[in-house]
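J.:
Number of protein chains: 2
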Amino acid sequence: MAERARPAGATDDVDAVTRAVLTASRLLVAVSARSLAAAEDRVTLPQFRMLVVLSTHGAVNLVTAADLLGVNPSTAMRMIDRLIAADLVSRGVNPANRRETVLQLTPDGQRIVEDVTARRRDEIAAIVARMIPGQREALVDALTAFAEAGGEPAAPGRGPDLYPLGWVDPTASSA
Amino acid sequence: MAERARPAGATDDVDAVTRAVLTASRLLVAVSARSLAAAEDRVTLPQFRMLVVLSTHGAVNLVTAADLLGVNPSTAMRMIDRLIAADLVSRGVNPANRRETVLQLTPDGQRIVEDVTARRRDEIAAIVARMIPGQREALVDALTAFAEAGGEPAAPGRGPDLYPLGWVDPTASSA
DNA sequence: CCTCATCGTTTGCATGATGCAAAATAGGTC
DNA sequence: GACCTATTTTGCATCATGCAAACGATGAGG
Numbered sequence: 001m002a003e004r005a006r007p008a009g010a011t012d013d014v015d016a017v018t019r020a021v022l023t024a025s026r027l028l029v030a031v032s033a034r035s036l037a038a039a040e041d042r043v044t045l046p047q048f049r050m051l052v053v054l055s056t057h058g059a060v061n062l063v064t065a066a067d068l069l070g071v072n073p074s075t076a077m078r079m080i081d082r083l084i085a086a087d088l089v090s091r092g093v094n095p096a097n098r099r100e101t102v103l104q105l106t107p108d109g110q111r112i113v114e115d116v117t118a119r120r121r122d123e124i125a126a127i128v129a130r131m132i133p134g135q136r137e138a139l140v141d142a143l144t145a146f147a148e149a150g151g152e153p154a155a156p157g158r159g160p161d162l163y164p165l166g167w168v169d170p171t172a173s174s175a
Numbered sequence: 001m002a003e004r005a006r007p008a009g010a011t012d013d014v015d016a017v018t019r020a021v022l023t024a025s026r027l028l029v030a031v032s033a034r035s036l037a038a039a040e041d042r043v044t045l046p047q048f049r050m051l052v053v054l055s056t057h058g059a060v061n062l063v064t065a066a067d068l069l070g071v072n073p074s075t076a077m078r079m080i081d082r083l084i085a086a087d088l089v090s091r092g093v094n095p096a097n098r099r100e101t102v103l104q105l106t107p108d109g110q111r112i113v114e115d116v117t118a119r120r121r122d123e124i125a126a127i128v129a130r131m132i133p134g135q136r137e138a139l140v141d142a143l144t145a146f147a148e149a150g151g152e153p154a155a156p157g158r159g160p161d162l163y164p165l166g167w168v169d170p171t172a173s174s175a
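Those protein sequence lines, which keep their order, are chains A and B.
Mapped onto UniProt numbering, the consecutive letters of the first sequence carry residue numbers 1 to 175.
Mapped onto UniProt numbering, the consecutive letters of the second sequence carry residue numbers 1 to 175.
#1: Taking all protein chains shown into account, decide if B/T44 is buried (16 or more other Cβ within 10 angstroms of its Cβ) or exposed.
#2: Give the interface partners of B/G109 over in chain A, defined as CB-CB distance under 9 Å, in chain order.
#3: Starting from A/G134, trace the alpha helix (DSSP H) both ways and give me its first and last residue.
#4: Counting Cβ pairs closer than 8 Å, one from the segment 16-32 of chain B and one from the segment 44-62 of chain B, do we hit at least three?
#5: Drop a sphere of 10 angstroms on the beta-carbon of B/D81, count the other beta-carbons inside from all chains shown, and report buried for 16 or more, exposed for fewer.
#6: Would you kindly check if the distance between the Cβ of A/A65 and the Cβ of A/V53 is under 8 Å?
#7: For chain A, is any of its Cβ atoms less than 8 Å away from the one on B/R26?
#8: At the level of alpha carbons, what is the spacing between B/A129 and A/M50?
#9: Check whether the Cβ atoms of B/I124 and A/T18 lie closer than 8 Å to each other.
#10: Output the distance between the C-alpha atoms of A/A142 and A/L88, rounded to the nearest integer angstrom.
#11: Terminal residues of the continuous beta strand (DSSP E) containing B/V60?
#12: With B/G92 as the anchor, note down where its beta strand (DSSP E) starts and where it stops.
#13: For chain A, find out if any of its Cβ atoms is closer than 8 Å to the Cβ of B/Q135; answer yes or no.
#14: Please list the terminal residues of the continuous beta strand (DSSP E) segment that includes A/V102.
#15: Taking only three categories from DSSP, how would you classify B/V14?
#16: Hey, could you find the ends of the alpha helix (DSSP H) B/T75 is sitting in?
#17: What three-state label does DSSP hand B/D108 in the structure shown?
#18: Who are the neighbours of B/L62 on chain A, taking C-beta pairs under 9 Å?
#19: How would you call A/D15, buried or exposed, if buried means at least 16 neighbouring beta carbons within 10 angstroms?
#20: Can you tell me whether DSSP reads A/T117 as helix, strand or coil?
#21: Excluding sequence positions up to five away, which residues of its chain have a Cβ less than 8 Å from the Cβ of A/L83?
#22: Can you give the Cα-Cα distance for A/A20 and B/R111, rounded to whole angstroms?
#23: Could you compute how far the alpha carbon of A/A149 sits from the alpha carbon of B/V116?
#24: For A/A147 and B/S55, what's the separation of their Cα atoms in angstroms?
#25: Taking CB distances under 8 Å as the criterion, tell me whether B/D13 reaches chain A.
#26: Could you check which residue in B/R120, B/R91 and B/G70 has the C-alpha nearest to that of B/A39?
#27: Anyone know if the C-beta pair for B/D41 and A/R136 falls short of 8 Å?
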């Protein structure tokens, strides 16, 4: 819609950028999928997402974890059961409020998240390293402008950089 | 790994770009998630992925669809059953080879894919439209260089532009 | 023609993810 | 102590998933 409603000049402009964004998007998804692949024989994708949530938000109770994940508490409940059985998550009782549980990653669970995260960072860094320095600077500026236009907080070094991690791409398989 | 093994100068450079890429990545996932939301009360996410496959690859048989989706034929089988029940996909018999089926989108199925695709394009176009023209050009160049460094084919106008469409973001919900 | 290996589809079985609704449990109020 | 609320847990139903086996159609040799 947005592009169709304009004279040809501005249209082609926005359209070209959109196409470039979509292509880059495809690459990013492919990178993430590869990073994830390593962990997929230990946990399912939803389980990994739960690990990410616990990794970024530390000790939380069940409803909070469910909210952060955007799923029903009952779903989170059974997922946690399985993760505990796999020794990736621990469940304790909040001494201040005995009706709440306290969920936390075990060292094993922490390590899985770190491994995938590191792998993804490395893959992106490797791609970036193949660009010439001038392109790198330009990319930072361009992406920063894009993220700002899209209203995405620039995500400063907030810990171990966990972001859009844990997706599935429908078309990546067809590539 | 890749960054840790270098002196500080080059490291910070690559690191800054990596961070920018990850931020942009998060935005792109958020955009896709929003585009998908509209369709999620009609089909599940795996079902939508199947629709995308059928939309891009036209009439295919079951094993092909399963391969494109990266799932077991039995999984694809039952998914197709449900999509047929919802009148989003049709199943016929290949007259040339009666042991093969021919799967195709119904008009309804086609429309769902088109709606989500259009919504996503529009959202990205809207973001791009908020950037100043100079930034837009720079973004195209930068992303093109990035995609090339990552070995992603620049995806020319190959039809209705279907790409990384249909993911799930573990951290998007926590934003 | 009949038989057999093969390919594509389908079904059986088991596990995980998911949501809604209801039960059980713990905390706080009057 | 009765009552309301928040949290966890369980019951039930549906979808997604893979592996293995059964079924059905093709095509090649005999």
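The C-beta atom is built at its ideal place from N, Cα and C for all residues, glycine as well.
T.: Taking the definition as stated:
#1: In this structure B/T44 is exposed. Its beta-carbon is surrounded by fewer than 16 other beta-carbon atoms within 10 angstroms.
#2: Chain A residues near B/G109: none, gap ~14 Å exceeds 9 Å.
#3: P133 to A149
#4: no
#5: So B/D81 ends up on the exposed side.
#6: yes
#7: yes
#8: The C-alpha of A/M50 is placed about 36 Å away from the C-alpha of B/A129.
#9: Closer than 8 Å, so yes.
#10: 39 Å
#11: Taken as a continuous stretch (DSSP letters only), B/V60 belongs to no beta strand (DSSP E), as it is neither H nor E.
#12: V89 to V93
#13: yes
#14: T101 to L105
#15: DSSP places B/V14 in helix when its eight states are reduced to three.
#16: That run of the alpha helix (DSSP H) goes P73 to A85.
#17: helix
#18: Contact of B/L62 with chain A by beta-carbon distance below 9 Å is absent, the smallest such distance being about 15 Å.
#19: Its Cβ being crowded by 16 or more others within 10 Å, A/D15 is buried.
#20: helix
#21: V43, Q47, M50, L51, V89 and G109
#22: 25 Å
#23: 21 Å
#24: 30 Å
#25: At least one chain A Cβ lies under 8 Å of B/D13.
#26: B/R120
#27: no
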